[in-house]
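Trainee:
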Amino acid sequence: MANCNNCSAPLPPHSNICDHCGSKNDTDLKGIHQFTIHEPDSARTCPRCKISLQTIDLKVEGKFLIERCEQCLGLFFDTGELEALLKASVTHVYHIDRQKIDGLNQTSPSKDYPTTYIPCPVCGSIMNRVNFGTRSGVIIDRCPEHGMWLDGGELRHLLEWVKAGGELLSKQKNEQLKKEKARQNGKSRNIRPSMGATPSVTFDQYGSILNNQAPDIFTILVRVMRWLAS
């Protein structure tokens, strides 16, 4: 668990603001990677604070540029960058700690901001809210074309989730769902009702329907007419 840089108290799981002293902590990046600040490459704007984002280099496997708001410490990742950062930051995870994952997912979301939809820093379109990795417990804001926005503290939560084997558990669950879907599809293919099948009908010398089926009105009339003619 991360601690406040000012008073050393434990930080809330979903927030960078200390509950004890009120300090805002830049814990998403310090202690994970050293970074340098560059001039903004584009006019990308923080969807929370409405100020220009800084472009920073995380120096992960070479040059790794992302955007950060110096006021709220939110982060914007271009498509694929967040997954690449998690993969480079957390390695050699072979065990699923379900107790830790459950503890992370049961923590209350950050109360720093109300639950609302925010615009993409690049195009200004309203972003979708999705649970990262389906089961991480972190609801990220995603633009289908440009990338993902994480509020302060959410990257730390994701890193802890991956370390606890959350990504392994998510893949495991997805594989189980695929197998179950394939099994259900196989069942539906094997159970097909016969369409258009007509039972064969034969008559005896008196016009009675065989195969233990009751005679219809036509058959009864035929019987009466034959009896009268005899």
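Using the working numbering, the first residue of the sequence shown is number 1457, and each one after it goes up by one.
All C-beta atoms, glycine included, are put in the ideal place defined by N, C-alpha and C.
Note that this is a predicted model, so its numbers are computed, not measured.
#1: Tell me the DSSP bridge mates of L1531?
#2: Just verifying my parser: in three-state terms, what is the DSSP assignment at D1475?
#3: Select from S1508, I1673 and T1492 the residue whose C-alpha is nearest the C-alpha of A1499.
#4: Determine the direct distance from the alpha carbon of N1646 to that of L1538, and round the result to whole angstroms.
#5: Report the residue ranges of all alpha helix (DSSP H) runs contained in full by the region 1553-1589; include only those spanning at least 4 residues, in chain order.
#6: Does DSSP classify I1676 as helix, strand or coil?
#7: Indicate the three-state DSSP secondary structure (helix, strand or coil) for R1591 in the structure shown.
#8: Please report the distance separating the alpha-carbon of V1594 from that of N1587.
#9: Does the distance from the CB of P1688 to the CB of F1532 come in under 7 Å?
#10: Check H1548 in the structure and name its three-state DSSP category.
#11: Got a sec, what are the start and stop residues for the alpha helix (DSSP H) S1626 sits in?
#12: State whether the region 1610-1627 contacts the region 1544-1553, with contact taken as three or more CB pairs (one from each stretch) at a distance under 8 Å.
#13: Quick one: is D1558 buried, meaning 16 or more other Cβ sit within 10 Å of its Cβ, or exposed?
#14: Is the beta carbon of T1572 closer than 7 Å to that of K1626?
#15: Only counting the same chain, and skipping five residues up and downstream in sequence, which positions put a Cβ closer than 7 Å to that of P1503?
#16: Using only alpha-carbon positions, find the residue among G1518, Q1562, T1563 and R1598 that is nearest to C1579.
#17: Measure how close the beta-carbons of I1522 and L1529 come, nearest whole angstrom, since I'm counting them as under 8 Å.
#18: Quick check on DSSP: helix, strand or coil for R1682?
#19: Rank P1466, E1610 and R1524 by C-alpha distance to the C-alpha of C1505 and give the top, closest one.
#20: If you count every other CB in all the chains shown that lies within 10 Å of the CB of G1642, and 16 or more means buried, which is it?
Mentor: Concretely, from the data shown:
#1: R1524 and L1606
#2: coil
#3: S1508
#4: 43 Å
#5: 1554-1562
#6: helix
#7: coil
#8: 6 Å
#9: The chain is shown only over 1457 to 1686; residue 1688 falls outside these bounds and no answer can be derived.
#10: coil
#11: G1622 to N1646
#12: yes
#13: exposed
#14: For clarity, residue 1626 is Ser in the given sequence; the question names Lys instead. Taking 7 Å as the Cβ cut-off, S1626 and T1572 do not qualify as a contacting pair.
#15: I1574, P1575, P1577 and W1605
#16: R1598
#17: In fact, because the Cβ distance is near 12 Å, the residues do not count as touching under 8 Å.
#18: helix
#19: R1524
#20: exposed
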